[in-house]
Amino acid sequence: MPTNGSQIKTYAAPEGVAVAGAFLIYARSVDSEPWIPVSTYAVDVAEVNTTRNEFDKHPISVASFDMDGPVEVKVKYTLNKVQSAAIRPKSLGIEAVIDGDNTITFSLDRPRDVMLEINHDKWQALHILTNGIDHNAPPSDSQEICISGYRSFSSHGNGDGVDLFCSSDILVENCFLRNSDDTIAIYGHRWDYYGDSSNIVIRNCTLLPDIAHPIHMGTHGNPAKPEIISGIHISNIDILDHYENQMWYQGCISLSAGDENLIEDVHIQDVRVERISKGQLVNMRVMKNEMWTTAPGHGIRNVTLKNISLDATNSQIVNPSQILGFDYTRKVENIVFENLNIGGQYIHDGMEKPRWYMVADLVPMFINEHVTNVKFILTK
Numbered sequence: 111m112p113t114n115g116s117q118i119k120t121y122a123a124p125e126g127v128a129v130a131g132a133f134l135i136y137a138r139s140v141d142s143e144p145w146i147p148v149s150t151y152a153v154d155v156a157e158v159n160t161t162r163n164e165f166d167k168h169p170i171s172v173a174s175f176d177m178d179g180p181v182e183v184k185v186k187y188t189l190n191k192v193q194s195a196a197i198r199p200k201s202l203g204i205e206a207v208i209d210g211d212n213t214i215t216f217s218l219d220r221p222r223d224v225m226l227e228i229n230h231d232k233w234q235a236l237h238i239l240t241n242g243i244d245h246n247a248p249p250s251d252s253q254e255i256c257i258s259g260y261r262s263f264s265s266h267g268n269g270d271g272v273d274l275f276c277s278s279d280i281l282v283e284n285c286f287l288r289n290s291d292d293t294i295a296i297y298g299h300r301w302d303y304y305g306d307s308s309n310i311v312i313r314n315c316t317l318l319p320d321i322a323h324p325i326h327m328g329t330h331g332n333p334a335k336p337e338i339i340s341g342i343h344i345s346n347i348d349i350l351d352h353y354e355n356q357m358w359y360q361g362c363i364s365l366s367a368g369d370e371n372l373i374e375d376v377h378i379q380d381v382r383v384e385r386i387s388k389g390q391l392v393n394m395r396v397m398k399n400e401m402w403t404t405a406p407g408h409g410i411r412n413v414t415l416k417n418i419s420l421d422a423t424n425s426q427i428v429n430p431s432q433i434l435g436f437d438y439t440r441k442v443e444n445i446v447f448e449n450l451n452i453g454g455q456y457i458h459d460g461m462e463k464p465r466w467y468m469v470a471d472l473v474p475m476f477i478n479e480h481v482t483n484v485k486f487i488l489t490k
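See the structure below:
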């Protein structure tokens, strides 16, 4: 494992692991020490093909190294002419500079997980996953563990990123997930898992589901002994894209109460959606899905979504969001959108609009008759 003082540590590609040639990557500390080559791995990700019952596979590149201070990164793309290059998520504010000869340079001030996207095409991508140099690694018999710095890529069916079944007292943070199904899902009963889900914190993650939802909770449960999903706190999330053809499974933020589940006391804050290629921003439903549930959900209540933003500039097919109760006994109630920003415009109850319009029409969002007490407030 080559080192550059205490600044950079790289790792040779393990035997049997496919190496990618689309990108040549080098790193060095910012004081102009020699460039160190970084191994790049070939990873498949998935795109739905609606004409057949299997995914189209796209090869992308993944590289990883450890760093203990600011570094410069140099990348050469070998397949096509580089017309544009962007570091995502955009919220990091990292500039990619095209130096000619298909070479891109940028700097990392500390360990980050980033995607270098070539020519506005997420299939022409290099994912760079960096870690701090661990000088005090924990022993294998540790307790009170959180999930931190987990990275996942998948290209097969049911290729979720992080799934939590009937779980409590969980912390998931600093993850980069690019998956062929939901990137983060919180479920009730399925298989041999039983019980409520509570006190779950998910924060500081970057999500790129090539299929299905970035954030999803509900669906599976135990109608014979109903379960509760509560005390969910999700914050500081970058969603790089949302693409889903099926209307049942659209929604960057999806709460689907089925199987007599009750979803309550959910707080989702500071979520930045950079692009919706095809899908919805929010889908919140008490529902019965004939494929995945055996009973409708009990309800959804007390949900706050604060500082949720959608960059509409690069989005393509943004279908209306939905909030749907099942009937008058299985309702959605007490939902607050605080500082909801769509394409640079805040949507709130005090905004100027035709008096016969609902505020939800300007999202746009459809709210049915089994939903009560939805507020759009502006506190900025």
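Residues in the sequence shown are numbered from 111 upward in steps of one, following this note's numbering. C-beta atoms are modelled at their ideal positions from N, C-alpha and C, and glycine is treated no differently.
(1) Can you pull the DSSP bridge partners for V484?
(2) Just to confirm the assignment: which complete beta strand (DSSP E) runs, minimum length 3, are found wholly within the stretch 112-174?
(3) C256: buried (16+ other C-beta within 10 angstroms of its C-beta) or exposed?
(4) Taking the straight line between their C-alpha atoms, what separation do you get for H168 and A132?
(5) Leaving out five residues on either side along the sequence, give the residues of the same chain with a beta carbon under 7 angstroms from the beta carbon of G298.
(6) At the level of alpha carbons, what is the spacing between K335 and G407?
(7) For the beta strand (DSSP E) that Y304 lies in, which residues bound it at each end?
(8) Excluding sequence positions up to five away, which residues of its chain have a Cβ less than 6 angstroms from the Cβ of N284?
(9) When burial is assigned at 16 or more other CB atoms within 10 Å of the CB, is S278 buried or exposed?
(10) Please report how far the alpha carbon of S252 lies from the alpha carbon of V181, in whole angstroms.
(11) Count the other CB atoms, across all protein chains shown, that sit within 10 Å of the CB of P464; report buried if there are 16 or more and exposed otherwise.
(12) Going by DSSP in three states, S250 sits in which element: helix, strand or coil?
(13) Which of helix, strand or coil does DSSP assign to V494?
(14) Check for me: the beta strand (DSSP E) holding F286 runs from which residue to which?
(15) Enumerate in chain order the residues of its own chain whose CB-to-CB distance from Q234 is below 6 angstroms, with the five nearest sequence positions on each side excluded.
(16) When you compare only the Cα positions, how much space is there between S250 and H343?
(17) Three-state secondary structure (DSSP) at M327?
(18) Looking at C-beta atoms only, is the number of pairs between the stretch 191-202 and the stretch 138-154 that lie closer than 8 angstroms three or more?
(19) From this set, A137, E462 and M397, which residue's C-alpha is nearest T439's C-alpha?
(20) Only counting the same chain, and skipping five residues up and downstream in sequence, which positions put a Cβ closer than 8 angstroms to that of Y456?
(21) Determine which residues share a DSSP beta bridge with I204 and list them.
(22) Give every residue of the same chain whose Cβ lies closer than 6 angstroms to the Cβ of V428, excluding the five residues on either side of it in the sequence, and list them in chain order.
Considering the structure as presented:
(1) I445
(2) 133-139, 146-148 and 150-158
(3) exposed
(4) 12 angstroms
(5) C276, S307, H330, G331, N332, E337, I339, D369 and N371
(6) 12 angstroms
(7) Taken as a continuous stretch (DSSP letters only), Y304 belongs to no beta strand (DSSP E), as it is neither H nor E.
(8) S258, G259 and N314
(9) The residue is exposed, with fewer than 16 neighbouring Cβ atoms inside 10 Å.
(10) Per-residue confidence for S252 stands at a pLDDT of 45, beneath the threshold of 50, marking its modelled position as unreliable; the derived number appears in the next sentence. Our two residues, S252 and V181, have alpha carbons roughly 31 angstroms apart in a direct line.
(11) exposed
(12) In this prediction, S250 has a pLDDT of 43, which is less than 50 and means its spatial position is unreliable; nothing more can be read from the coordinates.
(13) Lying outside 111 to 490, the shown extent of the chain, residue 494 is not represented and no answer is given.
(14) F286 to N289
(15) I228
(16) Residue confidence is low: S250 scores 43 on pLDDT, short of 50, so the model does not pin down where it sits. Its coordinate-derived value is still stated next. Rounded to the nearest angstrom, the two C-alpha atoms are 29 angstroms apart.
(17) strand
(18) no
(19) M397
(20) N449, L450, L488 and K490
(21) The partner list for I204 (beta bridge, DSSP) is empty, contrary to what the question assumes.
(22) Cβ within range, chain order: I386.
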